[in-house]
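Peer 1:
Numbering (the numbering used here), first residue to last: -16 to 236.
#1: Could you work out which residue in 119, 224 and 134 is closest to residue 94 when comparing CA atoms only?
#2: Looking at the strands, I want to know which residues DSSP matches up with residue 135.
#3: Over the uninterrupted alpha helix (DSSP H) stretch that includes residue 1, give me the two end residues.
#4: From 154, 44, 201 and 147, pick the residue whose C-alpha is nearest to that of residue 175; which is it?
#5: Between the C-alpha atoms of residue 199 and residue 186, what's the straight-line distance to the nearest angstrom?
#6: What residues match up with residue -13 in a beta bridge as DSSP calls it?
#7: Beta-carbon separation of residue 142 and residue 171 under 8 angstroms?
#8: Measure the alpha-carbon distance for residue 240 versus residue 235 and round it to whole angstroms.
#9: Would you kindly report the start and end of the unbroken alpha helix (DSSP H) that includes residue 111?
#10: In chain order, which continuous runs of the alpha helix (DSSP H) of length 4 or greater are located wholly inside the region 134 to 219?
#11: For the alpha helix (DSSP H) containing residue 79, name the first residue and the last one.
#12: Tell me, to the nearest whole angstrom, how far the beta carbon of residue 218 is from that of residue 47; I am working on the premise that it is less than 8 angstroms.
#13: Can you look up residue 63 in the DSSP assignment and give me helix, strand or coil?
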């Protein structure tokens, strides 16, 4: 039995022939392709046009989400602005712009918490920490991230799969700054596709300035929080169940 997992959105390969290679390998070697998304939200074919040719092997699982804990006013993150960027390799510009934006927003008096991922070099982390003004906490990423999300007043983040889905699952207000370096298109596509559904504020990475972030924060405050009423976030459980079913089918005499 061979199964593979893909996210809701695929980045277009630089060489068109790679798509043909992918399709050939799937047909020849794979029993199933699990798509960790929701076809009612983002059909796999939206970013992988040949999806119909392997439709018989596709299995949508729903989004794989570390579900937000119950919000509590006396817990870490309560009323804060949470600034994050996944692994953090390209996060310094966002973090510094957010720090400068703080006094220009309607959340100027709130605590702003910057969570730097492990890929941010230690020298850059220390420099950002040293430059942080009063009311800004700079620390490394924490294992209780979803608890912080559940309690925060607003999230500012890049547009990676995990963070965006966790923001939506937590039903909080969010500003998304999708990473768009090199050939990267996944985060921008996801943010734009979800903009209307989730009432998220989306800011192009190239347009990131303290003023632009401040405007996006205030726009998010006047609008509704992210909505995920019909979002299928049971991807982890569904994936495990499907793999067991597939294994039993393959092992059946």
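Idealized CB from N, CA, C, for every residue including glycine.
Peer 2: Based on what the coordinates show:
#1: Minimum Cα distance to residue 94 is reached at 119.
#2: Residue pairing from DSSP leaves residue 135 without any beta-bridge partner.
#3: Under the DSSP assignment, residue 1 falls in the alpha helix (DSSP H) whose first and last residues are 0 to 12.
#4: Out of 154, 44, 201 and 147, 147 has the C-alpha closest to the C-alpha of residue 175.
#5: Cα to Cα, residue 199 sits roughly 7 angstroms from residue 186.
#6: According to DSSP, residue -13 bridges with 16.
#7: Note that the C-beta distance between residue 142 and residue 171 is below 8 angstroms.
#8: The requested residue 240 is not part of the displayed model; the chain covers only -16 to 236.
#9: Residue 111 -> alpha helix (DSSP H) spans 105 to 114.
#10: 144 to 153, 169 to 181 and 193 to 205, all fully within the region 134 to 219.
#11: Counting along the chain, the alpha helix (DSSP H) containing residue 79 begins and ends at 75 to 84.
#12: The pair is a contact, with the Cβ atoms about 4 angstroms apart (cut-off 8 angstroms).
#13: The answer is coil: DSSP assigns residue 63 none of H, G, I, E or B.
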